[in-house]
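2 protein chains.
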Amino acid sequence: MDRVKTEFNDLCITEGSKMDKRKNVDQNEDEGRKFISKNLEAERKRRKKLSDRQLELCSLVLIITNMTKATIITDAITYIEELKKTVEELTDQLRQIKTTCADEEKTNSEEEDIKKWGTMPPEVQVNHITGTKQWIKIVFQKKRGSLTNVTTSRGASLVTSSAEFAENFPCELPDADQIKKFLLEIIKSF
Amino acid sequence: MDRVKTEFNDLCITEGSKMDKRKNVDQNEDEGRKFISKNLEAERKRRKKLSDRQLELCSLVLIITNMTKATIITDAITYIEELKKTVEELTDQLRQIKTTCADEEKTNSEEEDIKKWGTMPPEVQVNHITGTKQWIKIVFQKKRGSLTNVTTSRGASLVTSSAEFAENFPCELPDADQIKKFLLEIIKSF
DNA sequence: CCGAACACGTGAAAC
DNA sequence: TGTTTCACGTGTTCG
Numbered sequence: 011m012d013r014v015k016t017e018f019n020d021l022c023i024t025e026g027s028k029m030d031k032r033k034n035v036d037q038n039e040d041e042g043r044k045f046i047s048k049n050l051e052a053e054r055k056r057r058k059k060l061s062d063r064q065l066e067l068c069s070l071v072l073i074i075t076n077m078t079k080a081t082i083i084t085d086a087i088t089y090i091e092e093l094k095k096t097v098e099e100l101t102d103q104l105r106q107i108k109t110t111c112a113d114e115e116k117t118n119s120e121e122e123d124i125k126k127w128g129t130m131p132p133e134v135q136v137n138h139i140t141g142t143k144q145w146i147k148i149v150f151q152k153k154r155g156s157l158t159n160v161t162t163s164r165g166a167s168l169v170t171s172s173a174e175f176a177e178n179f180p181c182e183l184p185d186a187d188q189i190k191k192f193l194l195e196i197i198k199s200f
Numbered sequence: 011m012d013r014v015k016t017e018f019n020d021l022c023i024t025e026g027s028k029m030d031k032r033k034n035v036d037q038n039e040d041e042g043r044k045f046i047s048k049n050l051e052a053e054r055k056r057r058k059k060l061s062d063r064q065l066e067l068c069s070l071v072l073i074i075t076n077m078t079k080a081t082i083i084t085d086a087i088t089y090i091e092e093l094k095k096t097v098e099e100l101t102d103q104l105r106q107i108k109t110t111c112a113d114e115e116k117t118n119s120e121e122e123d124i125k126k127w128g129t130m131p132p133e134v135q136v137n138h139i140t141g142t143k144q145w146i147k148i149v150f151q152k153k154r155g156s157l158t159n160v161t162t163s164r165g166a167s168l169v170t171s172s173a174e175f176a177e178n179f180p181c182e183l184p185d186a187d188q189i190k191k192f193l194l195e196i197i198k199s200f
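These protein sequence lines map, in sequence, to chains E and G.
FYI, in the numbering used here the residues of the first sequence are 11 to 200.
FYI, in the numbering used here the residues of the second sequence are 11 to 200.
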């Protein structure tokens, strides 16, 4: 331990604390023998850096309740938490899509269907009537929280869904236009 | 005030707060006469609060390069930027998929909807996602007295319809099994 | 020994 | 008025 600064304590702290050694002295040469600390400039620089960082952080956060130092950090904390939550929600939504698509790859065994659909597996009946006419019957249960959205407004319905087809369906992978045509054929008779 | 202290602040000052001003006092035997500022305790409390906030922020940020005050804020800044970027990317991905759902949610004007859907023919959008995955959007209006019957009971839906396909759909007329498979693929994601 | 980082007490200014 | 927030200069510790 160095004892060199003991006398600094005596003369600087005691009388310095009540005397004028404040910021007026910033960098102007005061006539009095102000023993400026060696780390004075360093400390000033450090403070400035810290202040700048805080300001930058403040500019980054959207909702700032108060410009004070503590509240800036608090707002930053809540902002980060909010962002984290948002990211989680979005990844959840994407995960739902992925799992929905992935599930379609699996060949549906009955137990999986039961597990997925509860007591009611989806049922589809397609009966050939005559020529190219087909009779279609669909029974399904809407899953809770599924990505598919079916909304109805005064008789109009909007259905959005993602589907993955078997590789060799029906004879080759239908392109968008073919699927579009096919679904239009069904809807036209709704 | 409780003196629960984080190890950040090494303030060993307890309830003393009278004249035992830590290190100054033990080497500098001034017999008291330290004019304690009125806001001394307040300032201590403020510092502690600020320190706690910084610590909390530090605990929230994942990658901390250094435990120093400035770097904590810097890391928080980069972390926020990263989170923002992630959110943007995820929303972009989702927007690509469910852009149809988004605009549907936004338009709440029912008159516009009914006017638009009432005059518009049924609309089908099929967008290729990846591989064999397809994103399907259907907008249609149920015709009055049409043959198709859609009943809903406790979340279960029964749809019956007859459809006739174009002669050359997609490459040849799909048989009942193929149609059944295809519709199951869609319904499973409902 | 030097530089970086920090807590501290204090005066002043802001609310 | 008083309470709160801030910047400042300082001593001290650590690498």
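From the three backbone atoms N, C-alpha and C, an ideal C-beta is built for every residue, glycine too.
Contact check for Lys-59 (chain G) and Ala-80 (chain E): beta-carbon distance about 6 Å, within the 8 Å limit, so the pair qualifies. Of all residues in the segment 74–97 of chain E, the ones placed with a Cβ closer than 8 Å to any Cβ belonging to chain G are Lys-79, Ala-80, Ile-83, Thr-84, Ala-86, Ile-87, Tyr-89, Ile-90, Glu-91, Leu-93, Lys-94, Thr-96 and Val-97, in chain order. For Lys-59 (chain G), the nearest CB of chain E lies under 9 Å from its own CB, placing it at the interface with that chain.
The alpha-carbon separation between Ile-90 (chain G) and Glu-99 (chain G) amounts to approximately 14 Å.
Residue contact check for Arg-54 (chain E) against chain G: no CB pair falls below 9 Å. Between the C-alpha atoms of Arg-54 (chain E) and Ser-61 (chain E) there is a straight-line separation of about 10 Å. With 16 or more other CB atoms across the displayed protein chains lying within 10 angstroms of its CB, Asp-85 (chain G) is buried. For Lys-48 (chain G), no alpha helix (DSSP H) segment is defined, and its DSSP state is neither H nor E.
Taking a Cβ-Cβ cut-off of 7 Å, the neighbours of Arg-63 (chain G) in chain E comprise Ala-80, Ile-83 and Thr-84, given in sequence order. One alpha carbon belongs to Lys-95 (chain G), the other to Ser-69 (chain E), and they sit about 16 Å apart. Residue contact with chain G for Glu-66 (chain E): present (Cβ-Cβ distance below 9 Å to some residue of chain G). Between the alpha carbons of Arg-56 (chain G) and Thr-101 (chain G) lies a distance of about 40 Å. Inclusion of Ile-82 (chain G) and Gln-64 (chain G) in the CB contact set at 9 Å is warranted, their separation being smaller than that value. Only residues of its own chain outside the window of five on either side were considered, and among them none has a CB closer than 7 Å to the CB of Leu-104 (chain G). Assigned with DSSP and collapsed to three states, Leu-72 (chain E) falls in coil, not helix or strand. In its chain, beyond the 5 residues on either side, Ile-82 and Ala-86 have a beta carbon closer than 7 Å to the beta carbon of Leu-67 (chain E). The beta-carbon of Leu-100 (chain G) is placed less than 9 Å from the nearest beta-carbon of chain E. Chain-ordered, the chain E residues with CB closer than 7 Å to the CB of Gln-103 (chain G) read Leu-104.
Neighbours of Leu-70 (chain E) across chain G, judged by C-beta separation under 8 Å: Ile-87, Ile-90 and Glu-91. Secondary structure at Thr-78 (chain E): coil, using DSSP grouped into helix, strand and coil. Leu-93 (chain G) and Leu-93 (chain E) do touch by the CB rule: their CB atoms are close to 4 Å apart, below 8 Å. Thr-78 (chain E) and Phe-45 (chain G) have their C-alpha atoms roughly 28 Å apart. Non-local C-beta neighbours of Ile-74 (chain G) in its own chain, meaning closer than 7 Å and more than five positions away in sequence, comprise Cys-68, Ile-82 and Asp-85, ordered along the chain. The same chain holds no residue with a CB closer than 7 Å to that of Ala-52 (chain E) once the five nearest residues on each side in sequence are set aside.
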